[in-house]
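The structure appears right after this line, and notes come after that.
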Amino acid sequence: MDLVIAKKDLLRLVARCQGVADKKSAMPALANVLLSAEGNVLRVAATDLYLAVTGQATAEVAKAGSVAVPAKDLLERVKMMPDGPVQIVAKDGAQTTLKAVGSPRRYTIHGMPGTDFPALPQPSPDAPSLELPIDVLSTLIARTHFSISTDETRAHVNSALFEWAGERVRMVTTDGHRLSKMEITVGGTNATATMLIPLKAVNELRRLADESRAEKEVPAVRITQSGPNAFFSIAGMQFSVKLVDAQFPPYQQVIPSVTDRSVRAPRSAFSDALKAVALAASDRTGGVKLAMTAGTLRITSESPESGNGFDEVPVDYAGPDLTIGFNAKYFLDVLAAIDDDEVILGISGELDPAVLRPGTESAEQSYVAVVMPMRI
Amino acid sequence: MPAEGRRIHVLPDDLANQIAAGEVVERPASVVKELVENSFDAGARRVSIDIETGGVALVRVADDGHGMAREDAELAVLRHATSKIASIDDLQRIESFGFRGEALPSIASVSRFALRTRRHEDTEGTEIRVDGGGPFALAPAGCAAGTTMEVRDLFFNVPARRKFLRATSTESAHVTEVAMAAALAQPAVTVILSRDGRVAREWLRAPSREERARGAIPDEVLAPARGERGPLGVEAFLSRPERARTGATALWIFVNGRHVRDRALARAIAQAYGSVLEPGRYPVGVAYLDLPHDLVDVNVHPQKAEVRFADGRAVADALYKIVAADLARAFGLPTPGGPWQRGKMRPPPEDEAKGTPWTFQAPELPASGARPSWHSVATEREDATGGEAAPAARPPEGDLAMAAVGAALGQLAMREVDPASDRPPDTRPSILPPASVAASRAGAPGPPAARYPTADEIGAPVERRVPFGSLRYLAQVRSTFLICEGPDGVYVLDQHAAAERVTFHRLRRGWESRAIARQKLLFPVVVEVSAPEAALVEESREAFASAGLDVEVAGATSIAVHAVPHLLARATPERLVRDLLGELGRTGDRAYSGAIDRALATMACHGSVRAGDPVAPEEVAALLAALDEVDFAGHCPHGRPIVMRIGWLELDQKVGRR
Ligand SMILES: Nc1ncnc2c1ncn2[C@@H]1O[C@H](COP(=O)(O)OP(=O)(O)OP(=O)(O)O)[C@@H](O)[C@H]1O
Ligand SMILES: [Mg+2]
């Protein structure tokens, strides 16, 4: 393998791949990134066997071939290269030389033959695929990722449900105590898809989407479902993930369609008050009580060892008094994920789920978070 | 017919037997106990126990003992027929297990009972059958030498009692416990327990108590402790402190070969571990106490599960001293006389002779209500060093500082004693030889003549001295240990053990104030259980709720969990339900709070940060601060040490700076 590529392109590819490379794996190959040159492109790939990421950039390829080199070592060395073209040469024994064109700076790295690297999943050519604006994917994830269960033993909730029905895309997540659901209409599309994307992949997708949004590169992400895998193509990077094969809980049943009372509260004041009061909650459980009376929402915490906390927020509420306990963190996550000035808190009784919605709803977007109460 | 006006009449035999049975026979396990003890009394070398359906359908005990002649066999099923004692005098020195002549008639009155027996010298055996009391049927029978007793359909004629029997697994567990106790009591007898036709446990004849104990408890490394004080001889084989359990269920105590449940004795043994065992925790192991028969009354409990000593406190105290001395040596525990005097419970006689102030051997157990805590350490330290300020302000080296710490720990090394429960044994030495009277009097409070600690000793598990909250967190290593810097050395904490300890403490506090915060679940979690377990859930909804679990029976063999303790949100609801079911099922409802305690400990374990979990620095800070709240003895609820300190002195010495 012998090629020349711009440092900036190489750096971007290697940096994105090394996040997926698995340094701790028992399979040493997984700590590597795969470099393969063909035609006029260099492809860089990494995998931990659940996730795989591949990216490509144009290069002057003098001799095609492939080699796998330690991800971290490569990244560090590429960073040290002066800006401009970089030459990569791999000998048969996988000895790889990285050289700055027009400068004496060079490194040799001991790699392994590219053929030793695990084969990466490929979508079958006839697999259905859809395109989604990157902003939409980003919003779906931002509003729901925090309520994914972190319990790896429960795969069906250690993942996000991604659904596409007609023009509507939806992401739903739950950890068993709370749930969030974001829906967006994507005009002019018509597709049907359901997949459970594991938490680790959601985090990686989020990073990719945010990065490419920041660079304002490509406005869309292409999603392909093929066999047990899903493939996401964003800004020249292809990202594949083994989907979770399990049944997501019947979420529709637990989202109350109406609640007996509804409180309209200023989002940031509510959030600040919750944060302040939760600080004093017992055993750092975050357990707080919300007491609603006409026009006011009182937030209290009590703890045998750290004393009490209290604050109140003026709200739009006219119903009877009610007090109900919650884990403040569950509310705070939601309040941080939405950007409306106001939120609507719907509550029926002290043992019933609470519903949080943004103060304004549109036909294009709908968001709802459900939080189960805590008996304190 | 009673005459006119007469109200009091003698009960018919059957009724009298059934009433007696109410006391002697509580459940299949009590039948097993009585029958096996009879076999032991008959000089058996081998006893097989067979049970079906937890012993409710069948208990069969077969032995190769001396058997009975036909006339004796007839008598055996009569009330107060015994071959074992004949007079009041005999009752004063009972060496056999049986003495009342009550067991067989009682059992026979509440079951379908059959006995087959043949003496070695007889050619023909005898079979006797009794159905729920009633008249017995006798027939000659061909059988092996020895005796076989069969008890079928226990309580078939006493529905009220049958109702109180628990799940098969629970009854089975009780039988196993009785068999284990029997095996430990008689090392020279082979005991085989079969359940529903399959051998469940087998204890082969062993040459000594020690070998029997080790064979019966193969999972533990048992340290021997032996000694005599006055008339009391003790032979004990006990686990390391980190293997201790909540409750004394795995601590087997025998008095003159009789298994007893005696809280005072169990506590004396636990106290011998000093501060490394938290109150309420007991080691795993076996302790044999032997003393002259006339100093123990065995006739105080219908199931002979208790004995009364002529002087209970003296026995407990002597037991404590014997065990403490050997344990300190075996485990390198801080001895009650000060943490640095390892393996030196008693001064060498020369020292005494020379009048050296070797004052600090085995002091009295602390008075009720003594509550060691960090604060008391601080005060002690201040006193001992002339009121110096916060520990952090003092240079960590020097004899003086160490002596002061030693003094403080000397006060602390004893466990807290629950003021509400039985008082600890005191040192009134009625059984003790006069020498030890003097010794214990000399053990007045005061700083010990602490010798300079060796580096090795400083590395021992740390007593609580510096507030955890004041430690500076440095790093997590191997995703398991938290490394912190303190004023007196480097601290290494086991993150899981520490988190578990804190969770347990909070859960228990929550449980005591009936205020465990419960997080409701969006989707009720359905857990498959057995039918008796479902019944148990139904019965103990309260218990579940008090432990923070809202459960409902969802079907004959399934239950639905609607809320879990907030503190344990990391654990799966199913896990928690099983933890609690396991503990409740085992005890019935007797030692209810003990079961809850154990369940909370297990739940805390399943709901806490584990080894391998990454932790954020803020979490560590919170954990350290929380550890200070905990009534802390340096061990997790399962008894594993949580923290270890490497003193500066030791570090210096290791790298050759000193
Ligand atoms: N397995 C056996 N082998 C030989 N004799 C036995 C056996 N079991 C019982 N016996 C005889 O039957 C008598 C009655 O037994 P039982 O258990 O009712 O009374 P006990 O053992 O004398 O007193 P206790 O009621 O305290 O157990 C015994 O004294 C003994 O002589
Ligand atoms: Mg008997």
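Protein sequences appear in the order of chains A and B. Residue 223 in this note's numbering sits at position 234 of the first sequence; the count goes up by one each step and never skips. Take any residue in the second sequence, note its place counting from 1, add 1060, and you have its number in this note's numbering. The beta carbon of each residue, even a glycine, is placed where N, CA and C say it ideally should be. None of the values given here were measured: they were computed from a predicted structure.
Between the Cα of residue i and the Cα atoms of the options, which residue gives the shortest distance?
{"i": "I365/A", "options": "A35/A, I333/A, V332/A and P293/A", "result": "P293/A"}
{"i": "R1176/B", "options": "F1196/B, T1207/B, V1190/B and A1197/B", "result": "T1207/B"}
{"i": "S351/A", "options": "V277/A, I173/A and V50/A", "result": "I173/A"}
{"i": "E1588/B", "options": "G1529/B, E1634/B and S1171/B", "result": "E1634/B"}
{"i": "V1621/B", "options": "L1627/B, R1630/B and L1636/B", "result": "L1636/B"}
{"i": "V243/A", "options": "A343/A, T139/A and M101/A", "result": "A343/A"}
{"i": "D1279/B", "options": "Q1331/B, I1382/B and S1299/B", "result": "S1299/B"}
{"i": "V304/A", "options": "G298/A, S25/A and M281/A", "result": "M281/A"}
{"i": "V1360/B", "options": "T1230/B, L1311/B and I1154/B", "result": "I1154/B"}
{"i": "A219/A", "options": "F259/A, A116/A, V50/A and A154/A", "result": "A116/A"}
{"i": "L150/A", "options": "M184/A, E141/A and L38/A", "result": "M184/A"}
{"i": "R1130/B", "options": "N1098/B, D1123/B, H1180/B and F1159/B", "result": "H1180/B"}
{"i": "L1542/B", "options": "G1549/B, L1553/B, D1548/B and R1532/B", "result": "L1553/B"}
{"i": "A26/A", "options": "V42/A, V(-7)/A, A18/A and D11/A", "result": "V(-7)/A"}
{"i": "F1583/B", "options": "P122/A, I223/A, E339/A and P239/A", "result": "P239/A"}
{"i": "E1094/B", "options": "A1163/B, P1247/B and L1118/B", "result": "A1163/B"}
{"i": "V90/A", "options": "K61/A, D310/A, L324/A and V78/A", "result": "V78/A"}
{"i": "Q1555/B", "options": "E1602/B, A1682/B, E1598/B and R1568/B", "result": "A1682/B"}
{"i": "T1230/B", "options": "E1112/B, V1336/B and F1369/B", "result": "E1112/B"}
{"i": "E156/A", "options": "P362/A, Q354/A, M363/A and A224/A", "result": "Q354/A"}
{"i": "G176/A", "options": "P122/A, F228/A and F135/A", "result": "P122/A"}
{"i": "D(-9)/A", "options": "V75/A, V3/A and E65/A", "result": "V75/A"}
What residues of chain B sit near residue i, judged by a beta carbon separation below 8 Å?
{"i": "H375/A", "result": "Past the boundaries of the shown model lies residue 375/A; chain A is included only from -10 to 365, so the question cannot be answered."}
{"i": "V233/A", "result": "In chain order: nothing, as chain B lies at least about 17 Å away."}
{"i": "L150/A", "result": "Those do not exist, as L150/A stays about 14 Å from chain B at its closest Cβ, beyond 8 Å."}
{"i": "L340/A", "result": "K1580"}
{"i": "P107/A", "result": "What P107/A touches in chain B: nothing, since even the nearest Cβ is about 25 Å away."}
Terminal residues of the continuous alpha helix (DSSP H) containing residue i?
{"i": "K(-4)/A", "result": "K(-4) to Q7"}
{"i": "L64/A", "result": "A60 to M69"}
{"i": "V191/A", "result": "L188 to A203"}
{"i": "L1711/B", "result": "W1708 to K1714"}
{"i": "P1219/B", "result": "P1219 to R1222"}
For a contact defined as C-beta to C-beta under 8 Å, what are the partners of residue i on chain A?
{"i": "E1689/B", "result": "E294"}
{"i": "H1626/B", "result": "T274, G276, N316 and M363"}
{"i": "T1632/B", "result": "D140, T142 and R143"}
{"i": "A1089/B", "result": "Within 8 Å Cβ-Cβ: nothing; A1089/B doesn't reach chain A, min ~37 Å."}
Can you name the start and end residues of the beta strand (DSSP E) that residue i belongs to?
{"i": "V50/A", "result": "E49 to K52"}
{"i": "V1137/B", "result": "That residue, V1137/B, is in no beta strand (DSSP E); it is neither H nor E in DSSP."}
{"i": "I1167/B", "result": "Segment A1163 to S1169 is the alpha helix (DSSP H) holding I1167/B; no beta strand (DSSP E) there."}
{"i": "V1680/B", "result": "Careful: V1680/B lies outside any beta strand (DSSP E), inside the alpha helix (DSSP H) at P1677 to E1689."}
{"i": "F228/A", "result": "M226 to K231"}
{"i": "K170/A", "result": "R167 to T174"}
{"i": "N218/A", "result": "N218 to I223"}
{"i": "F1157/B", "result": "Note, F1157/B: premise wrong, no beta strand (DSSP E); not H, not E."}
I think residue i touches residue j, with their Cβ atoms under 8 Å apart; what is that distance to the nearest whole Å?
{"i": "W1571/B", "j": "S1606/B", "result": "6 Å"}
{"i": "H1126/B", "j": "A1102/B", "result": "5 Å"}
{"i": "H145/A", "j": "L1581/B", "result": "Actually they do not touch by this definition, with Cβ atoms about 15 Å apart."}
{"i": "V332/A", "j": "A254/A", "result": "6 Å"}
{"i": "D1074/B", "j": "G1193/B", "result": "4 Å"}
{"i": "P1625/B", "j": "A1577/B", "result": "7 Å"}
Against residue i, what residues of chain B qualify as contacts under a CB-to-CB distance less than 9 Å, listed in chain order?
{"i": "T163/A", "result": "L1582 and F1583"}
{"i": "V383/A", "result": "What the structure shows of chain A is the stretch from -10 to 365, and residue 383/A is not part of that stretch, so it cannot be assessed."}
{"i": "P59/A", "result": "By Cβ distance, chain B contributes nothing, its closest Cβ being about 22 Å from P59/A, past 9 Å."}
Please compile the residues from chain B whose C-beta is within a distance smaller than 7 Å of the C-beta of residue i.
{"i": "V243/A", "result": "L1582 and F1583"}
{"i": "L38/A", "result": "Under the 7 Å cutoff, chain B gives no residues; its nearest Cβ is about 19 Å from L38/A."}
Quiz item: Going along the chain, which unbroken runs of the beta strand (DSSP E) with 3 or more residues stay wholly within the region 87 to 156 of chain A?
Solution: Within the region 87 to 156 of chain A, the runs of beta strand (DSSP E) at least 3 residues long that lie entirely inside it are, in chain order, 95 to 99, 118 to 122 and 148 to 155.
Practice problem: With a floor of 3 residues, list each beta strand (DSSP E) that falls wholly inside the region 252 to 339 of chain A, ordered by position along the chain. | Solution: For the region 252 to 339 of chain A, the continuous beta strand (DSSP E) assignments of 3+ residues that do not extend past its boundaries occur at 276 to 282, 285 to 292, 296 to 303, 311 to 316 and 331 to 336, in sequence order.
Self-check item: Completely contained beta strand (DSSP E) runs for the region 1236 to 1300 of chain B, where each covers 3 or more residues
Solution: You should have 1250 to 1255, 1258 to 1263, 1283 to 1289 and 1292 to 1298.
Exercise. Give, in chain order, every unbroken run of the alpha helix (DSSP H) that is at least 4 residues long and sits entirely within the region 1523 to 1601 of chain B.
Key: Counting only runs of 4 or more, we get 1555 to 1572 and 1591 to 1599.
Quiz item: Which runs of the alpha helix (DSSP H) spanning at least 4 residues fall entirely within the region 1070 to 1124 of chain B, listed in chain order?
Solution: Fully enclosed alpha helix (DSSP H) runs of 4 or longer: 1073 to 1084 and 1088 to 1101.
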